[in-house]
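Please read the structure below before turning to the comments.
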Amino acid sequence: MTEQYDPKALQAKWQRRWEELDPYRASEDPADPRERRYLLDMFPYPSGDLHMGHGEVFALADVIARYWFQRGYNVLHPIGWDSFGLPAENAAIRRDAHPAEWTYANIETQATSFKRYGISFDWTRRLHTSDPGYYRWNQWLFNRFFERGLAYRKGGLVNWCPQDQTVLANEQVVDGRCERCGAEVVRRELTQWYFKITDYADRLLDDMAQLEGLWSDRLLTMQRNWIGRSEGADVLFTIEGREEPVTVYTTRPDTLFGATFFVVAPDAPLADEIVAPAQREAFEAYRAEVAKLSDIDRLSTEKEKTGVFLGVHAINPVNGERIPVWAADYVLSDYGHGAIMAVPAHDQRDLDFARKFALPVRVVVHTGLADPGETGEATPGEGSLVNSGPLDGLSKADAIKKIIGILSEKGRGKAAVNFRLRDWLLSRQRFWGTPIPIIHCPDCGEVPVPDDQLPVTLPDLRGEALAPRGVSPLASATDWVNVECPKCGGAAKRDTDTMDTFVDSSWYFLRYCSPGYEDGPFDVEKVRRWGPIDQYVGGIEHAVLHLLYSRFFVKVLHDMGMLDFTEPFIRMLNQGQVINRGKAMSKSLGNGVDLGAQIDGFGVDAVRLTMIFAGPPEEDIDWADVSPAASQKFLARALRVMSEVTSEPGVSYTGGDLELRKVTHRTVDEVTKLVDSYRFNVAVARMMELTTAARRAIDAGPGRADPAVREAAEALAVMLSLVAPYVAEEGWERLGGSPSVAKAGWPEVDPALLVQESVTCVVQVAGKVRDRLEVSPDITDAELEALALGSEKVQAQLSGTPRRVIVRAPKLVNIVP
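Per UniProt numbering, residue 1 is the first one in the sequence shown, and the count goes up by one each step.
Given below as structure tokens:
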């Protein structure tokens, strides 16, 4: 039983056995008394085989899933693929094929790798978002949103990727570039479909109170900032020559007396409407230049301010002053009402613009700082109002309250709330996605495809027929496009856009509860039993897009009476990246690491263990700094310990080595707390310490036959199953246990064995260990410092009073001479 550790042999053996045993299937028996737990991994896109990032995130999630299995929960841990999207379409164009061929081949490759990687999935729940049986329900949900006024179509400026030839949501533009291909994004006028997520802005913000302490502060802050709720006032400005006043939203209505000019977004309809004839040519040239910029570029504080005078003036409603109206790119057409009052003394962008074009700067809030007109530094902070008529002497808060009252009384403004959040643009001009289930009839307008005619499946297009042309490739499928209107029976046309793939991932976790359900997107009662998700694991890069959209979908479905919860994910764990030599892996840098090659070289368990032991989950892993070879050696030692036990299963532990029993029970207690708090790397360290303690016991005294050694080895097998399932399963079998170790049950802790009579304290001088002291676990820092400094071994290393003594009672004293 002490043969060498052979990872490949163990993998082949236990993959076959797990296929037979199916140990990870969630029970749907209503009489099952176990508490249900739902663990979800952010599901993968099938762009090829699993990579190092997959290796980390799925190993981390599997620690939690396997821990829950051991604790006796009924665990739902499903798997599926986010299988629509541009990479498959682009691959099909290159290969003169259909996107499904590339997609489903990659899915099978990943499925095989997942099984090899030993992840505890319930494979009966498997789904693919590109299956008609799935995207049928995308279309059904779209129709429900449409009925509720939450799906609508409008024209306007959108983000356009010239390379992928499709529109992008604001969230999919990163530093002015397409997040997928990296091309510079431009603005383009198009009519598109939107989901009215702004109707839920307040709830998306307010319901985050449910997530405090369960999601990271960083994640919550990113969500709040994206939603961007602000309170202020809508103020009515009159533009000379225009009968209808223009509404401006401002968070600082107290600074109205400091408004010295007015700015309109150059791409806003208002600018085109009010520009004076003499300024028309200059304005149109400027607008054409601005069209080349992304919103990110326009809002950059580093970009030099540009603009053009529109040849008209606005009237400040609080003092009747005529102020010039400019078009400038730092104002966006979809912020507020597409126009702002500019208060250069107290807003840095306004000040930069004013200094560039020699416009007046008037201080109206005394902050005690120097005049911004001279320093070039705006003073946006608190202070008392000056140069502001009835507001003089008031604080910011009081001035805001008073000016809103004055504006309301005169009918020139009112209190208002604004959001950074914009409606979700979901149309895409590409093929490999869910067709939008709308028929356009010249007489009836926009008509939803009847539910009994869903799904609207994709036609058979492939190769060059999929090439982007600025409109959806679906437009060329005339037999598919031309249909009868469901209302009047007249000639009509299908909508040729497809849905953003984030629609697919906004509710997939609900489908897992009943993947074959035919009477709706999910079985409502089963979702009530399993939902919401107890633990979600995935990358921080989805902090805005996917999480925000999923939260929106759940709130709409709650309002439809289909869900009894309003937040989909109770707890979130975000992992870091796997990098190499300090940088993200890339072919151009030549620092890529192949997950499959690492597994071939060291075995699945060693790779998983290395991922988990490298550091806290949220930190990056630099593969150049870790050692799967060292992990492999530890696993061999652990398997030898479990293989060398000779006492019979079921033997009473009470007569065994008391000190080893204490180590075992303290380890189980610590690992329990560490896993509960996501400190998986430290939990692994404790397992390593237990392995060492068991090894010492085997090599001394009763050794292999000692019941305490069996207790330690059995506890090690169960705990090790969280991170190294193959070794743990094999060790459990050699110990006489029935597979699967995943269902062995978490070891019980005897509180009496947790009591420590003494603790070994390490004493370091100048970073080197000079003594070890046996001390009480309750010793104070002061008592431990005195004891350490009194040690003869320590005194021999000191020539006087040490500069510093660092005490971490009861286990460490570090002396700096």
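Backbone N, C-alpha and C fix where the C-beta goes; we use that ideal spot for every residue, glycine too.
Contact set for residue i: own chain, Cβ-Cβ below 7 Å, skip 5 residues either direction
i	result
P802	I815, V816, P817
Y5	L635, A636, L639
R770	V763, Q764, K793, V794, Q797
R17	P739
A724	D605, R608, L609, L635
D297	G176, K303
D392	L385, V386
Beta bridge counterpart(s) of residue i as assigned by DSSP
i	result
Q632	None, per the DSSP bridge assignment.
R677	As written in the sequence, residue 677 is Ser, which differs from the Arg given in the question. Answer is none; S677 lacks a bridge partner.
V152	According to the sequence as given, residue 152 is Tyr; it is not Val. BP columns for Y152 point to Y194.
Q764	V769, N814
F569	I533
T498	R428, P435
S408	Answer is none; S408 lacks a bridge partner.
Y38	L76
M642	Answer by DSSP bridge pairing: none, since M642 is not bridged.
M341	F262
S384	H366, S395
E184	R177
G539	Q575
L157	E189
P324	H313
A492	V483
Contact with chain D by residue i, beta-carbon distance below 9 Å
i	result
N143	Absence of chain D from the displayed structure is noted, only one protein chain being present.
Same chain, Cβ closer than 8 Å to residue i, five either side skipped, listed in chain order
i	result
K13	E730
W160	T166, V167, L168, V185, V186, R187, R188, L190
I274	I239, G241, R242, V264, L310, V312, V325
T691	F634, R637, A638, V641, L716
G592	N580, M585, S586
Nearest-angstrom beta carbon gap, residue j and residue i [assumed within contact, 8 Å]
i	j	result
A209	A415	No, A209 and A415 are not in contact; Cβ-Cβ is about 23 Å, not under 8 Å.
D82	P132	With 8 Å as the limit, D82 and P132 do not qualify as a contact, their Cβ atoms being about 16 Å apart.
D32	P78	The pair is not a contact, with the Cβ atoms about 17 Å apart (cut-off 8 Å).
D329	P266	6 Å
V741	P707	Not confirmed; about 20 Å, so no contact.
T498	G433	3 Å
L660	V709	7 Å
A744	V645	In fact, because the Cβ distance is near 15 Å, the residues do not count as touching under 8 Å.
A345	T379	7 Å
Secondary structure of residue i, DSSP reduced to three states
i	result
Q15	helix
W507	coil
R177	strand
K8	helix
H440	strand
Y249	strand
V235	strand
N90	helix
E189	strand
T301	coil
I621	strand
R551	helix
W102	helix
P46	coil
N418	strand
K402	helix
H128	strand
N591	coil
N580	strand
Neighbourhood of residue i by C-beta distance below 6 Å, restricted to the same chain and skipping five residues each side
i	result
L10	Y726, E730
A543	L219, M222
Residue i CB to nearest heavy atom of the ligand GDP below 8 Å
i	result
K414	This structure lacks the ligand GDP, and indeed carries no ligand of any kind.
Worksheet item: Any contact of the stretch 85-101 with the stretch 604-619, i.e. 3+ C-beta pairs under 8 Å?
Response: no
_Segment contact flag, the stretch 439-447 with the stretch 248-255, C-beta cutoff 8 Å, min 3 pairs_ = no
Does the stretch 169-189 touch the stretch 125-140, meaning 3 or more C-beta pairs lie closer than 8 Å?
-> no
Measuring CB atoms only, is the stretch 200-218 touching the stretch 565-583, in the sense that at least three cross pairs come out at less than 8 Å? yes
Below 8 Å, how does it come out for the stretch 179-194 and the stretch 425-436: are there three or more Cβ pairs, yes or no?
yes
Problem - Meets three-Cβ-pair contact criterion under 8 Å: the stretch 741-752 and the stretch 654-669 - result: yes
Legend entry - the stretch 577-590 contacting the stretch 52-67, beta-carbon criterion three pairs below 8 Å: yes
_Under 8 Å: do the stretch 26-41 and the stretch 525-538 share three or more Cβ pairs, one atom per stretch?_
yes
Open item on the list: For the stretch 449-463 against the stretch 149-164, do three or more pairs of beta-carbon atoms, one drawn from each stretch, fall closer than 8 Å, so that the two count as touching?
Closed with: no
Item checked: Any 3 or more C-beta pairs closer than 8 Å across the stretch 132-146 and the stretch 445-460 -> yes
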